[in-house]
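Following: one structure in structure tokens, then a few remarks.
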Amino acid sequence: MLHIVKKSPYESSAFSDAINYMEQNDIMLLTEDGIYAAKKGGKFEGALKSLMQKNAVFCLIADVKARGIQESEIIENVKVIDYKGFVEKVVEHNPMTWS
Amino acid sequence: MLHIVKKSPYESSAFSDAINYMEQNDIMLLTEDGIYAAKKGGKFEGALKSLMQKNAVFCLIADVKARGIQESEIIENVKVIDYKGFVEKVVEHNPMTWS
Amino acid sequence: MKLGILIKEGPYMHQAMDTAYNFILAAMESGHEITGIFFYNDGVYNRCATLEPPRDERNIMKLLTELELKGVRLIVCVAAGKRRGIVNQTVCKVEEISGLGQLLELCITSDRTITF
Amino acid sequence: MKLGILIKEGPYMHQAMDTAYNFILAAMESGHEITGIFFYNDGVYNRCATLEPPRDERNIMKLLTELELKGVRLIVCVAAGKRRGIVNQTVCKVEEISGLGQLLELCITSDRTITF
Amino acid sequence: MSEQEKTKVMFVCRTAPYGTIYEQEAIEAMVMFGAYEQDISVTFTGDGVFSLKKGQDTSLLGKKNFSMTYPILIDDFEISHIYVEKESLEERGLTEDDLATEVEIIDRNSLKQKMGEMKALLPF
Amino acid sequence: MSEQEKTKVMFVCRTAPYGTIYEQEAIEAMVMFGAYEQDISVTFTGDGVFSLKKGQDTSLLGKKNFSMTYPILIDDFEISHIYVEKESLEERGLTEDDLATEVEIIDRNSLKQKMGEMKALLPF
Chain A
0 MLHIVKKSPY ESSAFSDAIN YMEQNDIMLL TEDGIYAAKK GGKFEGALKS
50 LMQKNAVFCL IADVKARGIQ ESEIIENVKV IDYKGFVEKV VEHNPMTWS
Chain B
0 MLHIVKKSPY ESSAFSDAIN YMEQNDIMLL TEDGIYAAKK GGKFEGALKS
50 LMQKNAVFCL IADVKARGIQ ESEIIENVKV IDYKGFVEKV VEHNPMTWS
Chain C
0 MKLGILIKEG PYMHQAMDTA YNFILAAMES GHEITGIFFY NDGVYNRCAT
50 LEPPRDERNI MKLLTELELK GVRLIVCVAA GKRRGIVNQT VCKVEEISGL
100 GQLLELCITS DRTITF
Chain D
0 MKLGILIKEG PYMHQAMDTA YNFILAAMES GHEITGIFFY NDGVYNRCAT
50 LEPPRDERNI MKLLTELELK GVRLIVCVAA GKRRGIVNQT VCKVEEISGL
100 GQLLELCITS DRTITF
Chain E
0 MSEQEKTKVM FVCRTAPYGT IYEQEAIEAM VMFGAYEQDI SVTFTGDGVF
50 SLKKGQDTSL LGKKNFSMTY PILIDDFEIS HIYVEKESLE ERGLTEDDLA
100 TEVEIIDRNS LKQKMGEMKA LLPF
Chain F
0 MSEQEKTKVM FVCRTAPYGT IYEQEAIEAM VMFGAYEQDI SVTFTGDGVF
50 SLKKGQDTSL LGKKNFSMTY PILIDDFEIS HIYVEKESLE ERGLTEDDLA
100 TEVEIIDRNS LKQKMGEMKA LLPF
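Protein chains in written order, with numbering that gives the first Met the number 0: chain A, 0 to 98; chain B, 0 to 98; chain C, 0 to 115; chain D, 0 to 115; chain E, 0 to 123; chain F, 0 to 123.
Put into structure tokens, the structure is as follows:
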């Protein structure tokens, strides 16, 4: 499954709820305000790194740039993709949206 | 000040944000989905009790009843008020809404 | 006391308008004056004239119109309304549409401004 | 692949419709088929015909109408629409209004259903 | 229609009732979906479990009490399963006795597996 | 108008930009309020501090980049103060260098005091 997280982890439980539901081979896409979970030095860096020991995490470049986050500020191993990459992930995995 | 919390503490940061902003003599009103913070046995019972050592906490009876919570299930010392009581609190304190 | 009301959420979607309505009734019963209700953000949808909720459900648009008949001033933000399609043709009463200055006016003339 | 889209949030208020729009353009460019866009909850507001956003801002209603001209089917839930005032007089195109069965139909006929 | 041909759709209800309309409009969709002879299931997780709390009385709110619909979803509206996540109940201090209707209480791991079997997941 | 006669109003911005419209419509209100010669201040706390992150580029979203307005709020639009809460910045791994404009970074205790002096608080 593809778990899409679109709320900020600081104000919503969407991110932690999604983590709770991730199985082996599942992947996560951070979009909209969800991308704050991927920012280096934030409160959720540990949770994301721990998730990435088993699951791949992606974030949407359009949302990253809009929020003024440079690619160098994204936690290592989080893969940056565009809308076409988003489509590919949906083709590969059944999506569930956490908002 | 009167801090009005209207989101569930389980899904939103509104409750903990409001606590961070409470000064001596400030009071809190739990309304709408905020009233889940006042339920006995829930995850936020400790945080609410610790807050109540210094600040008074109220909850709105209409929201409590709608959600099937009995008055006996409300954490002790949380005062149950009706809409007229809500108005009185606003008259006594300048309101700030956390949603 | 003079109370100003700011509504930031649309009807039905959030409970905000329902809570505000019950609060306003209670305030008026207790003898307080409502200086006005300002609709901003999705709050402007509360004054869409074509709401048709199921018969066993409250009609928020009509409840607000009843408040207006009791003398409560309703103000729909023109900018937030245009962005969302709440304009002359769709709003309950064209006279309700006004600018953001009215929100500041509410803050100035009310003893308390409360946001729902 | 056949992709069905569910929109649960209104225009401008949430980013949902913007993300969905960019996703749909990318999917079509990649050769996928959009089986339809179903508007539910506040999503029905996206099809309000009277939106007038500022000139330097995107017009979500028009962007959706362009998708429709490219063959994408738009479906506004009749029940959610009536509750919110998005009815025959206010919706872009009366033919778009339909029942919840169409959402299930999308789930059945699409390889993937994605919610925004 | 044979079981194999049916489309498996799951409502994933994550929001508390009354604070927003999501849960109410989710029920309206469940009731309609039931008529189409597919395999529809409903899951309550996170704050969604509060929707099943018994004793709801909305008279002071002026809103409709829609919790009466849950007990008849399976028999009258052909919903296949109603699941409630054990961990979410526990975190909120709720037990089976708190629930307004009989449901299948299952743990998160079993739920993940069921979600993996669905053709479409509809979050509310 | 003397300072004493002015009404003190504070915008309390708690939401991140772009995910919702709150921050954009808050700015639209700030800009209008500035014209009325009252004492208007703006506070960024919680996720609101993300609104001030420098380098915002919304071209791929198709949305308007409204962060250009912050640097001119005080000079061009007569806003009295822009406050940013220190604790919220730290929790999000942000420092003064990350901000798009010069603002008053103050700690939560000082902010509470300022909030207590307001006639009206407008949360966004």
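Note that the Cβ used here is the ideal one computed from N, Cα and C, for glycine as well.
Keep in mind that this is a model prediction, so the values were computed, not measured.
Leu110 (chain F) counts as buried, since at least 16 other C-beta atoms from the protein chains shown sit within 10 angstroms of its C-beta. Using a Cβ-Cβ distance cut-off of 8 Å, the segment 18-36 of chain D and the segment 99-113 of chain C are not in contact, since fewer than three pairs of beta carbons, one from each stretch, lie closer than that value.
The alpha helix (DSSP H) runs of length 4 or more contained entirely in the segment 28-104 of chain D are, from start to end of the chain, 59-68 and 77-83. Val63 (chain B) has its alpha-carbon roughly 28 Å from the corresponding atom of Asp106 (chain E). A distance below 7 Å separates the beta carbons of Ile39 (chain E) and Phe32 (chain E).
With fewer than 16 neighbouring CB atoms inside 10 Å of its own CB, Leu68 (chain D) falls in the exposed class. Proximity of chain E to Gly98 (chain D) at the Cβ level (cut-off 9 Å) is accounted for by Met31, in chain order.
For the set E:Gly54, E:Gly115 and E:Phe49, the Cα lying nearest the Cα of Gln23 (chain E) is the one of E:Phe49. Within chain E, the residues Ala15 and Gly18 have their CB atoms less than 7 Å from the CB of Asp32 (chain B), given in chain order. For Ser49 (chain B), the enclosing alpha helix (DSSP H) stretches over residues Glu44 to Leu50. Cβ proximity to chain A below 7 Å picks out Gly92 from the segment 92-116 of chain F. Closest in alpha carbon position to Ser11 (chain A), among E:Leu51, E:Tyr35 and E:Gly45, is E:Gly45. In the DSSP assignment, Gly3 (chain C) falls within the unbroken beta strand (DSSP E) covering Lys1 to Ile6. Minimum Cα-Cα distance from Tyr11 (chain D) among the listed residues D:Ile4, D:Asn45 and D:Met27 corresponds to D:Asn45. For Lys113 (chain F), the enclosing alpha helix (DSSP H) has its first and last residue at Arg107 to Gly115. Within chain A, the residues placing a beta-carbon under 7 Å from that of Ser12 (chain B) are Tyr9 and Glu10, ordered along the chain. In this structure, the straight-line span from the alpha carbon of Ser29 (chain D) to that of Ser87 (chain E) is close to 40 Å.
With respect to chain D, the C-beta atom of Arg82 (chain C) has a partner C-beta closer than 7 Å. In the DSSP assignment, Met29 (chain F) falls within the unbroken alpha helix (DSSP H) covering Tyr21 to Phe32. For Ser7 (chain A), the secondary structure class from DSSP, reduced to helix, strand or coil, is coil. Following the DSSP letters along the chain, one finds Ser40 (chain E) inside the beta strand (DSSP E) bounded by residues Asp38 to Phe43. Close to chain D, meaning a Cβ-Cβ distance shorter than 9 Å, are the following residues of the segment 46-62 of chain C: Cys47, Ala48, Thr49, Leu50, Glu51, Pro52, Pro53, Glu56 and Met60.
Among the residues of the segment 14-33 of chain C, those with a Cβ less than 8 Å away from any Cβ of chain E are Gln14, Asp17, Tyr20 and Asn21, in the order of the chain. When Cβ pairs closer than 8 Å are counted between the two stretches, the segment 30-47 of chain B is seen to touch the segment 58-76 of chain B, the count reaching three or more.
Listed in chain order, the positions of the segment 60-85 of chain E with a beta carbon within less than 9 Å of a beta carbon of chain C are Leu60, Gly61, Lys62 and Lys63. For Phe57 (chain B), the beta-bridge partners assigned by DSSP are B:Leu28 and B:Lys78. DSSP, read as helix, strand or coil, puts Thr108 (chain C) in helix.
Look at the beta carbons and you see the segment 1-21 of chain B not touching the segment 78-91 of chain A: under three pairs across the two are nearer than 8 Å. Beta-bridge pairing by DSSP links Lys7 (chain F) to F:Asp38.
Taking a 10 Å sphere around the C-beta of Glu36 (chain E), we find fewer than 16 other C-beta atoms and assign the residue as exposed. Our two residues, Thr64 (chain D) and Val75 (chain C), have alpha carbons roughly 27 Å apart in a direct line. Separation of the CB atoms of Ile96 (chain D) and Cys47 (chain D) is rounded to 12 Å, and the pair is thereby denied contact status at 8 Å. Distance from Val56 (chain A) to Met27 (chain A) at the Cβ level is roughly 5 Å; contact confirmed, criterion being Cβ atoms closer than 8 Å.
DSSP places Ile68 (chain A) outside both helix and strand once states are collapsed to three, so it counts as coil.
When the Cα atoms are used, Ile33 (chain C) and Asp25 (chain A) turn out to be separated by approximately 53 Å. When DSSP states are grouped into helix, strand and coil, Glu90 (chain E) belongs to the helix group.
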